Each structure stands twice: as C-alpha cells, then as structure tokens.
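Input: a single structure, listed below in structure tokens.
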Amino acid sequence: MNTMPAVIFDLDGTLVDSEPLYYEAGRRTLQRYGITGFSWEEHSQFIGIGTRETLETLRGRYRIEAPVEELLAVKNRHYLELAATTEVFPAMRDFVELLRAAGHPLAVASGSSRSAIETALKATGLDALLPLYVSAEDVGRGKPEPDVFLAAARLLSVDPGRCVVVEDAGPGVEAARRAGMRCIAVPYVAGPSPDGETFASAGLLFRGGQPEFDARRAYEWTTTGS
25 MNTMPAVIFD LDGTLVDSEP LYYEAGRRTL QRYGITGFSW EEHSQFIGIG TRETLETLRG
85 RYRIEAPVEE LLAVKNRHYL ELAATTEVFP AMRDFVELLR AAGHPLAVAS GSSRSAIETA
145 LKATGLDALL PLYVSAEDVG RGKPEPDVFL AAARLLSVDP GRCVVVEDAG PGVEAARRAG
205 MRCIAVPYVA GPSPDGETFA SAGLLFRGGQ PEFDARRAYE WTTTGS
C-alpha cells in the first residue's frame, strides 16, 4: 500500500495559466446575450469559484433569461476554442515531475468541465503526468464545499487526512480545510493582504504567487510538513 501523501491539484490558475482564457470565454458568452463591458476586474471576483456557480451569479446579476445549462454549454464551447493556447506554470510542472518520480498518488480536482480539463491537460502535456481528475460535473457542490477534493481522495483510494491540496484561490483553500486536507496556497491574484484570512488555513503559503513558488520547497513540505 502506498503510504506517501497524495497531492491533489487545482487546475486553473494553479497548474495552468488559463484564467485569461476563461475571462475571454466569459466575455464572449455574455456578449452573446447582449451584455458588454465585462471586465477582468469583474472576472477576478470569480477566480477559484466553479464555472456553474460563476454563471449562476452572472445570470442573476444581468437578468439573463437563458438557463444555466445553456450558458454552461456556450462558455465551454468558447473556452475549448481558446484552450489550445493554455500554458503550464514551469515551476508547477517541476513540482508534478518531482512528485511523480517519487511515486506520490496524484490527481486534479477542478471546478471546470471534463472536456475543459482534458483539453488543458493535453495542451500542456500534463495529461501524461496527471491522468486522474475530478470535474465539477462529477460532484454536487463546488468550492468552497469540499466535494471535489473528497471525490479525488476516493478516486485515489487515499484517506483525506493523507492528502495535500495545491490551490490558488480562497474558495479552494477553504474547501481543502473542510475536507480535512493540508494545503499549499499559491495566490493567483495577490490582494491587499494575501497572507490574511483568505489563506489563513493554508499550511504553506507562497505570498508572491507563481513568481515565488519553489517546487523543491513545496516538495519538502509535502513530505515532511515543515
């Protein structure tokens, strides 16, 4: 039995820099329904929140009559048109490779659709390193609820207490806490106080985000807890 800690990665903004693509997919989706002026600042409010929950909020905010399922299909189609340009964060690839070489159980747990996850992993070559994933379509509730991380632990046949989550946003960090998992936080958007309450439950915080992320340090903390 593998007793090494399992590592569960969030995808968007953590492993891959797909947030600009999701912003553009969201902008195109809203534009289709007559909503213009959707800004990056507005998009950034939803970083770390699943696509369904994001669209439910935007649907209410802009009084869009189309059902959420239709909005999901439209946004997913726009995203898939853009996803071939997805780029992986280099230091994250290094971290995945370190973990893979050492034999740690690995999975991706994302608020995106299955097709979006598959496309992003394939575009970056991460599909060979991270073949197991759980999507928003596989669970009932999105982050900050723990469902997607608990489903990933079941997929790996690992107790939640032996899992480490890697996240870029507050809702994901909170979901890891609720799942009873340790967490490495690498903020995608550095707020006024990225080491404050939003990331307080993370065991290891890279305050400067991806530019500060160190694969070797993250690996040592994963295996030793310090």
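Start counting the sequence shown at 25; every next residue gets the next number (my numbering).
The beta-carbon is built from N, C-alpha and C at its ideal position, and this holds for glycine as well.
Keep in mind that this is a model prediction, so the values were computed, not measured.
Counting along the chain, F33 sits inside the beta strand (DSSP E) bounded by residues A30 to F33. L122 places its beta carbon 8 Å or farther from that of A193. Rounded to whole angstroms, L180 and D34 show a C-alpha spacing of 15 Å. Beta-carbon to beta-carbon, A131 and V163 are separated by about 13 Å, too far to satisfy the 8 Å threshold. The residues T78, in chain order, have a CB closer than 7 Å to that of F70 in the same chain once the five nearest residues on each side in sequence are set aside. Here E191 carries a strand assignment [DSSP, helix/strand/coil]. DSSP places D41 in the coil class of the three-state scheme, outside both helix and strand. Residue environment analysis places R51 among the buried positions, since at least 16 neighbouring C-beta atoms fall within 10 angstroms of its C-beta. A Cβ-Cβ separation of about 17 Å leaves T222 out of contact with G135 under the 8 Å criterion. With a cut-off of 8 Å on Cβ pairs, the region 97-111 is in contact with the region 135-150, counting three or more such pairs. With a threshold of 16 other beta carbon atoms within 10 Å, T53 meets it and is buried. Buried is the label assigned to S42, since at least 16 other Cβ atoms lie within 10 Å of its Cβ. If you look at I141, you'll find it in the alpha helix (DSSP H) that goes R138 to T148. Setting aside the 5 residues that flank it on each side, E161 is surrounded in the same chain by S137 and R138, each with a C-beta closer than 7 Å to its C-beta; the list follows chain order.
Residues V213 of the same chain have their beta carbon placed closer than 7 Å to that of S68, with the five preceding and five following residues left out of the count. Shown here for V40: same chain residues with a beta carbon closer than 6 Å to its own, the five before and five after excluded, namely T110, V112, A144 and T148 in chain order. Counting only runs of at least 4 residues, the region 99-137 fully encloses the following alpha helix (DSSP H) elements, listed from N- to C-terminal order: 114-126. Spanning the alpha carbons of S250 and D171 requires a straight line of approximately 27 Å. Under the DSSP assignment, R178 falls outside any beta strand (DSSP E), being part of the alpha helix (DSSP H) whose first and last residues are D171 to L180. The DSSP-derived three-state label of V163 is coil.
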